[in-house]
Each structure stands twice: as structure tokens, then as C-alpha cells.
Amino acid sequence: MRFSAATTAGRFLPQRWALRMGPLLGRIDAVLFTADERGEASRMSVIAFSVRIVSAVIAFVSQVLMARWMGSFEYGIFVLVWVTMVIVGNLACLGFHTSVIRYIPEYRERGLMDELRGIVLASRLFVLIASTLIAGLGALGVWLAAPWIENYYVIPFILGVICLPMIAMSDLLSGLARANSWALFALSPTYLVRPVLILLFMALMLFVGYAPDARTAIFASIAATYATTLGQLVGVTQRMERQIPAGPIKVHFAQWFVVSLPIFLVESFFFLLTNADVLMVGAYMDPNDVAVYFATVKTLALVHFVYFAVKAGVAQRYAQFTHGDPQRLAAFARETVSWTFWPSLLMALLVLALGEPMLVLFGPEFTSGYPLLFLLVFGVVARAA
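And the structure:
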């Protein structure tokens, strides 16, 4: 027997309340159990939204603890290195982590299993090779540019590039999972497992006597990134092997690369636009200022994850609707806008109300970032509209 929110309310709530809540509970049942594309997209958005709620709490608590353990200067160094690695790792996919979301549902729907096996294999090999080369070039570039870089950044950046191949591979695996509507496999490794492991490894290293500095935090991040990505690789691979029968492989790499390149250019611009602020602060200001700015941005997580949750749930459906009815696509687009704006506005007001008490948790010096919240919140809400 299947759970029903509407039926449960009718049994346990007063009749008047159950009648008033009927439409809302009916929509909840529709989201949970509808088998069409809209229901599947709604379920993935709900799961993504839930993961981001938990992720925001984990990220905030972990960053507060890291800032308390290291102090603002060392924390600022770690923040700049880690944000740079996440940005470059994402870009190292060269668009394949998004293009697979288009191709996998299309190949499955058209019965092109040879091509489906091909893109799953080729995308992983390409991203691993490309990200490893980029990591090597990055380490070489930091070493050659050492005379022009502040001394306290050189070793942390060289250590940081060790994470690059696994960050890129994790992004690709998340794309493969999203293409199959596996919301937990797509989101939980990056947004739940990895930050928890970074915190645990950092605490363990401090317990055994390592210094509370940026290098220790980066070592903890390397261990957490490799552990998370390898676990994600095993999980995603096993699920795909159960769904995709063994057989011949067809690789159309030139076609996939040509499609992925414009996606890479568009998404890299957007990704840099939303993350380059930390890089700019790091380029012109000292690590203490980087730490304060990053802590301020972290308080915006409650607003940001609304946009992300909806995007994660609907991306693969846009790919399917593109080849179908344009009116259906337009109606679906209007729905996603309403899913994004109103929750973002509500979360923005909550963040402004609680911003200063949240910042003081990082340390007394971090409250200087509170005035920035008003400008940052306005920008996030405007994007959601």
C-alpha cells in the first residue's frame, strides 16, 4: 500500500483542517508519485532542494569550525586555494559534464545503446586525461610564477592541484547521475559527503598534532576529494552497468566535443561570473579580507540553493522537450521560474535578518562583512527572477 499525504491527513487531522490542506497535500502526492516527466523533474527538484538544505548547514558549520581552528589569515589562504581548485576542476570537464545530460536521455529514448555506452566511457576517459594535464600545467605555472606570488600561497596552490582530476571527475559523474535522474548520486557526494570528510580529516589531523594552517586543510581536502570521488565512481558505475547492457561501443568524439565546447564556453563564463569574486578579492587583498568576504558569501547559501535545486531537477527535461512540443517547453519554463523566485525571496529576507549573528560565529572580525550582504542578496534574488 502506497503512502498518501492527503489520505493520512484525512485520517489524523480534523475534517476542516484536512479539507483546507487538501489541495496542498494533493500537490505533494503528485510530486511524489506522478510518473510523467513533470513528476520526475519535481521529485528531483525536491530531493535537490533537500540536499542543499542539509548541505548549507554542513558547509556553514564546517566553515565556522575551520575559521575558528585556523584563524582568519590561514583560513583565507585555504579558501582562495580551494575555490580556485573547484573552479578549475569544473572547467576541466570542458563541457562534458553538461553535454552528457543531453545525450544520455536522447540515446536511451532512441534506442542507440552503442552510442550510449560510448559516451559514458569516452567522457570519463577524456575528463580524467584533460584534468590531469591541466593539473600538471597548473603546478608548473605556479612554480614558474613563484617570484610574483606571495610566498604563503605557493606551496598551498601546488598542493591544491592534486585535487583537480578528482574534482573534475566528480563533476562528470554528477552529470551522468543527473542524466539518469539519480538525484542523490548526483548531489550528495559533492554537497554532503566531501565537506563532511574534509572536516573529519581536518579534525583528525589536528588531533594527531598537525599545525592548524592552510597546508593541513589542503591535505585534508585532498584525502576527502579522492575518497569521495572514488566512492562515487564505484556507485555510479554499478548502477549504470545494471541499466546499460554490455555490447559494442560507438564513439563520436568529434561530434560530442563540438557540442560540448559551446556549453563549456557558456557555463565557464557563468561559473566564473558567480565565483570569480573570491578570486578578485584574493588577487588584490590579503587573506584576512578573503576570509571575511568568503564567510559573508557562505551566509548566502540558503538563497543560492533554491536556484540550484530547480536547475538540477529540470535540466534533463529541457533536453527532452527541445525535440517535442514548443508550447510544452514554454509552459515548463514558466513553471520553473515560479519554482525559483518565491523561495529565493523568502530565504533572502531570512538571511538578512540573521546575517550578523551568523557572521560572528566565524569570529569577531568577520562581522565587518555584514553590509555586503544587502548587495549580494539583491543580486541573487534578481537572478532568480
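For the record, in the sequence shown the residue sitting at position 330 is 331 according to the numbering used here, with numbers rising by one throughout.
Virtual Cβ for every residue (Gly too), placed ideally from N, Cα, C.
Self-check item: Pair within 7 angstroms by beta-carbon distance, residue 349 and residue 382
Solution: Yes. Within cutoff.
Quiz prompt | Three-way DSSP call (helix, strand, coil) for residue 25 in this model | solution = With a pLDDT of 47 at residue 25, under the threshold of 50, the predicted position of this residue should be treated as unreliable, though the coordinate-derived value follows. In the structure shown, residue 25 sits in a helix (DSSP, three-state: H, G or I).
Quiz item: Around the C-beta of residue 130, are 16 or more other C-beta atoms found within 10 angstroms, so that it is buried, or is it exposed?
Solution: Looking at its Cβ environment, which holds fewer than 16 other Cβ atoms inside 10 Å, residue 130 is exposed.
Quiz item: Hey, is the stretch 59-67 in contact with the stretch 245-256, meaning 3+ C-beta pairs nearer than 8 angstroms?
Solution: Verdict: no, contact absent.
Quiz item: Which word fits residue 115, buried or exposed, when buried means at least 16 other C-beta atoms lie within 10 angstroms of its C-beta?
Solution: That one is exposed.
Exercise. Could you check what DSSP says for residue 364 in three-state terms: helix, strand or coil?
Key: Three-state result, residue 364: coil.
Practice problem: With DSSP collapsed to three states, give me the class of residue 162. | Solution: Residue 162 falls in the helix class under three-state DSSP.
Quiz item: Which same chain residues, not among the five before or five after residue 143, have their C-beta less than 6 angstroms away from its C-beta?
Solution: Hits under 6 angstroms: 158 and 159.
Quiz item: From which residue to which residue does the alpha helix (DSSP H) around residue 203 run?
Solution: Membership of residue 203 in the alpha helix (DSSP H) is indicated by the continuous run 195-208.
Quiz prompt | DSSP three-state assignment for residue 183, whether helix, strand or coil | solution = Correct three-state label for residue 183: coil.
Exercise. For my contact list, residue 284 and residue 370 are in at a C-beta cut-off of 8 angstroms; report their separation, rounded to the angstrom.
Key: Contact doesn't hold; Cβ gap of about 18 angstroms is too wide.
Quiz item: Among 162, 351 and 201, which residue has its Cα nearest to the Cα of residue 91?
Solution: It is 162 whose Cα lies nearest to the Cα of residue 91.
Quiz item: Which word fits residue 219, buried or exposed, when buried means at least 16 other C-beta atoms lie within 10 angstroms of its C-beta?
Solution: With 16 or more neighbouring CB atoms inside 10 Å of its own CB, residue 219 falls in the buried class.
Quiz item: Per the contact definition of three or more C-beta pairs closer than 8 angstroms, is the stretch 267-284 in contact with the stretch 357-375?
Solution: No: the two stretches stay apart, fewer than three of their Cβ pairs being nearer than 8 angstroms.
Quiz item: Using the beta-carbon count (16 or more within 10 Å), is residue 243 buried or exposed?
Solution: In the assembly as shown, residue 243 is an exposed residue. Its beta-carbon has fewer than 16 other beta-carbons within 10 Å.
Quiz item: CA-CA distance, residue 200 and residue 146?
Solution: Distance from the CA atom of residue 200 to the CA atom of residue 146, rounded to whole angstroms, is 31 angstroms.
Quiz item: In angstroms, rounded to a whole number, what distance separates the CA positions of residue 119 and residue 358?
Solution: Cα to Cα, residue 119 sits roughly 52 angstroms from residue 358.
Practice problem: Return the first residue and the last residue of the alpha helix (DSSP H) that residue 290 is part of. | Solution: First-last of the alpha helix (DSSP H) with residue 290: 288-299.
Quiz item: Between which two residues does the alpha helix (DSSP H) harbouring residue 279 extend?
Solution: Following the DSSP letters along the chain, one finds residue 279 inside the alpha helix (DSSP H) bounded by residues 254-285.
Exercise. Determine the closest residue to residue 108 out of 252, 150 and 170, with distance taken between C-alpha atoms.
Key: Looking only at 252, 150 and 170, the smallest Cα-Cα distance to residue 108 is reached by 252.
Quiz item: Helix, strand or coil: which one does DSSP assign to residue 107?
Solution: Helix.
Quiz item: In three-state terms, what does DSSP make of residue 6?
Solution: Note on residue 6: pLDDT 46, under 50, position unreliable in the model; the coordinate value appears next. Annotated three-state conformation of residue 6 is helix, per DSSP.
Quiz item: What residue does the alpha helix (DSSP H) around residue 142 start on, and which one ends it?
Solution: Run containing residue 142: 114-145, per the alpha helix (DSSP H) assignment.
Quiz item: According to DSSP, is residue 172 helix, strand or coil?
Solution: Correct three-state label for residue 172: helix.
Practice problem: State the Cα-Cα distance for the pair residue 299 and residue 102, rounded to the nearest angstrom. | Solution: For the pair residue 299 and residue 102, the Cα-to-Cα distance works out to about 28 angstroms.
Quiz item: In whole angstroms, what is the alpha-carbon distance linking residue 262 and residue 95?
Solution: Cα to Cα, the separation comes out at about 6 angstroms.
Self-check item: Beta-carbon proximity list for residue 260, same chain, < 6 angstroms, skipping 5 on both sides
Solution: Around residue 260: 100.
Quiz item: Below 7 angstroms between beta carbons: does that hold for residue 75 and residue 215?
Solution: With contacts defined as CB atoms closer than 7 angstroms, residue 75 and residue 215 qualify as a contacting pair.
Quiz item: In whole angstroms, what is the alpha-carbon distance linking residue 155 and residue 139?
Solution: Whole-angstrom Cα-Cα distance: 12 angstroms.
Exercise. Can you tell me the Cβ-Cβ gap for residue 135 and residue 272, rounded? I've got them flagged as a contact below 8 angstroms.
Key: Cβ atoms of residue 135 and residue 272 stay farther apart than 8 angstroms, at about 15 angstroms.
Quiz item: Are residue 276 and residue 77 close, meaning C-beta to C-beta below 7 angstroms?
Solution: With contacts defined as CB atoms closer than 7 angstroms, residue 276 and residue 77 fail to qualify as a contacting pair.
Quiz item: How is the alpha helix (DSSP H) around residue 231 delimited, first residue to last?
Solution: First-last of the alpha helix (DSSP H) with residue 231: 215-244.
Quiz item: Could you give the C-beta distance for residue 123 and residue 254, rounded to a whole number, given that I count them as a contact under 8 angstroms?
Solution: Right, the Cβ-Cβ distance comes to about 6 angstroms (below 8 angstroms), so this counts as a contact.
Quiz item: Under the rule that 16 or more other beta-carbon atoms within 10 Å means buried, what is residue 176, buried or exposed?
Solution: Counting Cβ neighbours within 10 Å, residue 176 comes out buried, since at least 16 surround it.
Exercise. Give the DSSP-derived three-state secondary structure of residue 355 in the structure shown.
Key: Residue 355 falls in the helix class under three-state DSSP.
Quiz prompt | Candidates 233, 293 and 286: closest to residue 193 by CA position | solution = Comparing Cα-Cα distances from residue 193 to each of 233, 293 and 286, the minimum goes to 233.
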